[in-house]
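Numbering of the sequence shown is given in our numbering, commencing with residue 20 and proceeding in unit increments.
From the three backbone atoms N, C-alpha and C, an ideal C-beta is built for every residue, glycine too.
In this text, all values refer to a predicted model and were calculated from it rather than measured experimentally.
Report on one structure; see the data block that follows.
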Amino acid sequence: MTTTWIVLGVIVLLVLFAISSYNRLIRLNVTVDEAFSQIEVQLKRRSDLIPNLVETVKGYAAHEKTALENVVAARAKATTASGVADVAAADGAMTQALRGLLAVSEAYPDLKASTNFLALQEELSTTENKVSFARQFYNDTVRSLNQTVKTFPSSLFAGAAKVGAREFYVVDDPANRQAPNVKF
Numbered sequence: 020m021t022t023t024w025i026v027l028g029v030i031v032l033l034v035l036f037a038i039s040s041y042n043r044l045i046r047l048n049v050t051v052d053e054a055f056s057q058i059e060v061q062l063k064r065r066s067d068l069i070p071n072l073v074e075t076v077k078g079y080a081a082h083e084k085t086a087l088e089n090v091v092a093a094r095a096k097a098t099t100a101s102g103v104a105d106v107a108a109a110d111g112a113m114t115q116a117l118r119g120l121l122a123v124s125e126a127y128p129d130l131k132a133s134t135n136f137l138a139l140q141e142e143l144s145t146t147e148n149k150v151s152f153a154r155q156f157y158n159d160t161v162r163s164l165n166q167t168v169k170t171f172p173s174s175l176f177a178g179a180a181k182v183g184a185r186e187f188y189v190v191d192d193p194a195n196r197q198a199p200n201v202k203f
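Shown next, in the form of structure tokens:
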């Protein structure tokens, strides 16, 4: 009789452990999806700021056509990208184009002093910070999910939960890899 209760207790504990592991995998998977959605929300916010920024710069720097066209083209790619790798690539292209556009503003003191431009630049800076935070949060959640999926005993339940390792959000920006040139 005692042996039956012990066996029954062990079986109940194993079932509870399996349910707990399964639910943890599902929760982590949902968190990763949510984190990627937050990146997309912030990228959309940034993308919505671009036309206002371009119009403001256009009024001051009409002959800086290349920088403006690069931003518009990058925005178009960013709005049609899907999947982590494509969104990250479009994000990197957009960042590069915006750097070029903001560099143009350095040549126009009137533009730099414009309240519209300053407000848009501040809003863009805030949005870039939010994008950066969303990327970091996404990668943190992907790391947690990947560790859980690949480690024992959770790996036993990953297939049943239909959860697999996810790819990290990586923006391939060659400018970030260059050592800064510091001169005194």
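What span of residues does the alpha helix (DSSP H) with residue i cover, start to end?
{"i": "Gly183", "result": "Where Gly183 is concerned, there is no enclosing alpha helix (DSSP H), given that its DSSP letter is neither H nor E."}
{"i": "Tyr157", "result": "Thr134 to Lys169"}
{"i": "Val91", "result": "Lys84 to Thr99"}
With DSSP as the reference, label residue i as helix, strand or coil.
{"i": "Ala126", "result": "coil"}
{"i": "Tyr41", "result": "helix"}
{"i": "Gly102", "result": "coil"}
{"i": "Asp110", "result": "helix"}
{"i": "Ser173", "result": "coil"}
{"i": "Asp191", "result": "coil"}
{"i": "Met20", "result": "coil"}
CA-CA distance, residue i and residue j?
{"i": "Arg181", "j": "Leu175", "result": "Rather than Arg, the amino acid found at residue 181 in this sequence is Lys. Roughly 11 Å between the two C-alpha positions."}
{"i": "Glu74", "j": "Leu87", "result": "9 Å"}
{"i": "Ala177", "j": "Val76", "result": "51 Å"}
{"i": "Val49", "j": "Val31", "result": "27 Å"}
{"i": "Gly28", "j": "Met20", "result": "12 Å"}
{"i": "Glu125", "j": "Arg118", "result": "11 Å"}
{"i": "Gly102", "j": "Glu53", "result": "14 Å"}
{"i": "Phe136", "j": "Thr145", "result": "14 Å"}
{"i": "Asn158", "j": "Thr134", "result": "36 Å"}
{"i": "Gln61", "j": "Gln155", "result": "13 Å"}
{"i": "Ile25", "j": "Asn42", "result": "26 Å"}
{"i": "Phe205", "j": "Thr22", "result": "Because the chain spans 20 through 203 in this model, residue 205 falls outside it and cannot be assessed."}
{"i": "Thr170", "j": "Gly183", "result": "12 Å"}
{"i": "Lys84", "j": "Leu143", "result": "21 Å"}
{"i": "Ile58", "j": "Glu147", "result": "11 Å"}
{"i": "Val91", "j": "Phe55", "result": "24 Å"}
Between residue i and residue j, which are expected to be in contact by the criterion C-beta below 8 Å, what is the C-beta distance as a whole number of angstroms?
{"i": "Ala116", "j": "Asn89", "result": "4 Å"}
{"i": "Val190", "j": "Asp67", "result": "The pair is not a contact, with the Cβ atoms about 20 Å apart (cut-off 8 Å)."}
{"i": "Ala100", "j": "Val106", "result": "5 Å"}
{"i": "Val161", "j": "Arg185", "result": "5 Å"}
key: the region 38 to 50 / the region 124 to 137 touching (three or more Cβ pairs under 8 Å)   = The region 38 to 50, when compared against the region 124 to 137, does not touch it at the 8 Å Cβ threshold.
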